[in-house]
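Asker: Numbering (mature numbering (1 follows the signal peptide of the UniProt record, and there is no 0)), first residue to last: -26 to -1, 1 to 317.
The beta carbon of each residue, even a glycine, is placed where N, CA and C say it ideally should be.
In this text the structure is predicted, and so the values were computed from the model without any measurement.
Below is the structure I would like to discuss, written out as structure tokens.
Rendered as structure tokens:
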């Protein structure tokens, strides 16, 4: 006997199909995100000065995940930088590429496994944490110029632990991928962060061949006030910088303290950084001052004004984000007004 299709059965079949599609879609997701950060700046390096329009680490990316069931998820993140003042990519050829991040990961109750290209956990947990990245998210000429970034970002394998009583751990390894007989230098980065209420403490160690750094960080939030500080010890005593005759040869200490206070839409940030001389390089100490003001137009958009000054000793040239670079012994300063929007 043939089965008759009724209007009711059609409605039920359509509802079941829609529900099935909704479940399938809920199991995976892809989001587009980004940030445009552009400023008008007057920069002075030594006896020269210029005024121009500058990009401050603008980027866009894709992030996605798939629910594999049983608490297990697969994910990815692809991120590309671009020059917001010209539209060009920030890669070596000016083309758009995922040079900021290209990662695939697997996460669950036991933590997260990460593979690909991404930044050092120690940097993000020490120099780019809370008030320490103010007033402009540690970007552009007003970024922290004295932090010693040792780790290589490519060819990485990493593990991040779940949060355990406020404690999170991450271990990273960057493989050299060179044949036998070539210069072989794997990179290693270890980071720990502990948070309890308004207090957060962090520690990190990085080694790339013979070049090493160790850092400690503290951060405290009291109502509208955030205060952060870090100490870093660098050791390149027999590393590549010494063998190449570079300025960063020997051992060096550095420290930074910052404070940020927010009242309504307004936010004021102050920062001071100091770096001792490299033990094998006379005249290589430096200092940096940062003063910034943010006016938040929304959660995603802000106007800002900032000033920084770097005093370099005769044997060092901090200030890599300045147009045209900074020479040995040259002081550098920048006054900027900018707009930042995230999407």
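(1) Roughly how many angstroms separate the alpha carbons of residue 20 and residue 251, rounded to a whole number?
(2) In angstroms, rounded to a whole number, what distance separates the CA positions of residue 297 and residue 29?
(3) Check residue 59 in the structure and name its three-state DSSP category.
(4) What does DSSP give as the partner residue(s) for residue 285 in the beta ladder?
(5) What are the start and end residues of the alpha helix (DSSP H) that includes residue 100?
(6) If you measure from the CB of residue 103, is any heavy atom of the ligand MG nearer than 8 Å?
(7) Between which two residues does the beta strand (DSSP E) containing residue 150 stretch?
(8) Counting pairs of beta carbons, one from the segment 265 to 274 and one from the segment 231 to 243, are three or more of them closer than 8 Å?
(9) If you count every other CB in all the chains shown that lies within 10 Å of the CB of residue 273, and 16 or more means buried, which is it?
(10) Could you pull the start and end residues of the beta strand (DSSP E) that residue 294 belongs to?
(11) Distance check for residue 309 and residue 16, CA to CA, integer angstroms please.
(12) Quick check: what's the CA-CA separation for residue 13 versus residue 115?
(13) Do you know offhand how far residue 80's Cα is from residue 38's?
(14) So what does DSSP say about residue 175, is it helix, strand or coil?
(15) Considering only residues of the same chain and omitting the five flanking positions on each side of residue 306, which have a CB-CB separation below 6 Å?
(16) My output table needs one value for residue 309: the three-state DSSP class, helix, strand or coil.
(17) Go to residue 241, then tell me how far its beta strand (DSSP E) extends in each direction, as first and last residue.
(18) Evaluate residue 26 with the Cβ neighbour count: other Cβ atoms within 10 Å of its Cβ, from every protein chain shown; 16 or more gives buried, anything less gives exposed.
(19) Taking only the alpha-carbon atoms, compute the straight-line gap between residue -3 and residue 104 and give it to the nearest angstrom.
(20) Taking residue 74 as the reference, give the member of 32, 44 and 112 with the closest Cα.
(21) On the DSSP bridge assignment, give the partners of residue 74 in chain order.
(22) Report the three-state DSSP secondary structure of residue 143 (helix, strand or coil).
(23) Over what stretch of residues does the beta strand (DSSP E) that includes residue 185 continue unbroken?
(24) What does the Cβ neighbour count give for residue 181, buried or exposed, with the cut at 16 atoms within 10 Å?
(25) Are residue 11 and residue 314 close, meaning C-beta to C-beta below 9 Å?
(26) Hey, residue 54 and residue 72: beta-carbon distance below 9 Å or not?
(27) Span of the beta strand (DSSP E) holding residue 304?
(28) Helix or strand or just coil, what does DSSP make of residue 90?
(29) Using only the alpha-carbon positions, how far apart do residue 63 and residue 290 sit?
(30) Determine the contact status of residue 200 and residue 227, defining contact as a CB-CB distance below 9 Å.
Answerer: Inspection of the coordinates gives the following:
(1) Counting from 1 along the chain shown, the entry for residue 20 is found at position 46. Counting from 1 along the chain shown, the entry for residue 251 is found at position 277. Their Cα atoms are separated by approximately 20 Å.
(2) Position 323 of the chain shown holds residue 297. Position 55 of the chain shown holds residue 29. So the alpha carbons of these two residues sit roughly 11 Å apart.
(3) Counting from 1 along the chain shown, the entry for residue 59 is found at position 85. Coil at residue 59, not helix or strand.
(4) Within the chain shown, the letter at position 311 stands for residue 285. Residue 285 is bridged to 261.
(5) As a first step, residue 100 is located in the chain shown; it is residue number 126 there, counting from the start. First-last of the alpha helix (DSSP H) with residue 100: 95 to 100.
(6) Ligands displayed in this structure: none; no statement on the ligand MG is therefore possible.
(7) The residue labelled residue 150 in the question sits at position 176 within the chain shown. Careful: residue 150 lies outside any beta strand (DSSP E) and carries neither H nor E.
(8) yes
(9) Position 299 of the chain shown holds residue 273. Exposed, since its Cβ has fewer than 16 Cβ neighbours within 10 Å.
(10) Counting from 1 along the chain shown, the entry for residue 294 is found at position 320. Note, residue 294: premise wrong, no beta strand (DSSP E); not H, not E.
(11) Position 42 of the chain shown holds residue 16. Position 335 of the chain shown holds residue 309. Approximately 5 Å, taken between the alpha carbons.
(12) In the chain shown, the residue the question calls residue 13 occupies position 39. In the chain shown, the residue the question calls residue 115 occupies position 141. Using only the alpha carbons, I get a separation of about 10 Å.
(13) Residue mapping note: residue 80 aligns to position 106 of the chain shown, counting from 1. Residue mapping note: residue 38 aligns to position 64 of the chain shown, counting from 1. The straight-line gap from Cα to Cα measures roughly 12 Å.
(14) The count along the chain shown starts at 1 and reaches residue 175 at position 201. Of the three classes helix, strand and coil, the one that applies to residue 175 here is strand, per DSSP.
(15) By one-based count along the chain shown, residue 306 stands at place 332. Excluding sequence neighbours, residue 306 sits near 19, 284, 293, 296 and 300.
(16) Working through the chain shown from its first residue, we reach residue 309 at position 335. DSSP places residue 309 in strand when its eight states are reduced to three.
(17) Mapped onto the chain shown, residue 241 falls at position 267. Note, residue 241: beta strand (DSSP E), 240 to 249.
(18) Taking the chain shown and counting its residues from 1, one reaches residue 26 at position 52. By the 10 Å Cβ count, residue 26 comes out exposed.
(19) Locating residue -3 in the chain shown gives position 24, where the first residue counts as 1. Locating residue 104 in the chain shown gives position 130, where the first residue counts as 1. In this predicted model, residue -3 has a pLDDT of only 46, less than 50, meaning its place in the structure is not dependable enough to derive any value.
(20) Locating residue 74 in the chain shown gives position 100, counting from the first residue. It is 32 whose Cα lies nearest to the Cα of residue 74.
(21) Residue numbering aside, residue 74 sits at position 100 when the chain shown is read from its first letter. Paired residue(s): none; residue 74 is not in a bridge.
(22) As a working mapping, residue 143 is identified with position 169 in the chain shown. The answer is strand: DSSP assigns residue 143 an E or B state.
(23) Here the question's residue 185 lines up with position 211 in the chain shown. First-last of the beta strand (DSSP E) with residue 185: 185 to 196.
(24) In the chain shown, residue 181 corresponds to position 207, counting from 1. Result: buried.
(25) Taking the chain shown and counting its residues from 1, the one referred to as residue 11 is at position 37. Taking the chain shown and counting its residues from 1, the one referred to as residue 314 is at position 340. Result yes, Cβ atoms of residue 11 and residue 314 sit closer than 9 Å.
(26) As a position in the chain shown, residue 54 is number 80, starting the count at 1. As a position in the chain shown, residue 72 is number 98, starting the count at 1. Yes.
(27) Counting from one through the chain shown, the residue named residue 304 turns up at place 330. That residue, residue 304, is in no beta strand (DSSP E); it is neither H nor E in DSSP.
(28) What you label residue 90 is simply residue 116 of the chain shown in a count that begins at 1. In this structure, residue 90 counts as strand in the three-state DSSP scheme.
(29) In the chain shown, the residue the question calls residue 63 occupies position 89. In the chain shown, the residue the question calls residue 290 occupies position 316. Going by the C-alpha atoms only, they are around 30 Å apart.
(30) Numbered from its first residue, the chain shown carries residue 200 at position 226. Numbered from its first residue, the chain shown carries residue 227 at position 253. The answer is no: Cβ separation not under 9 Å.
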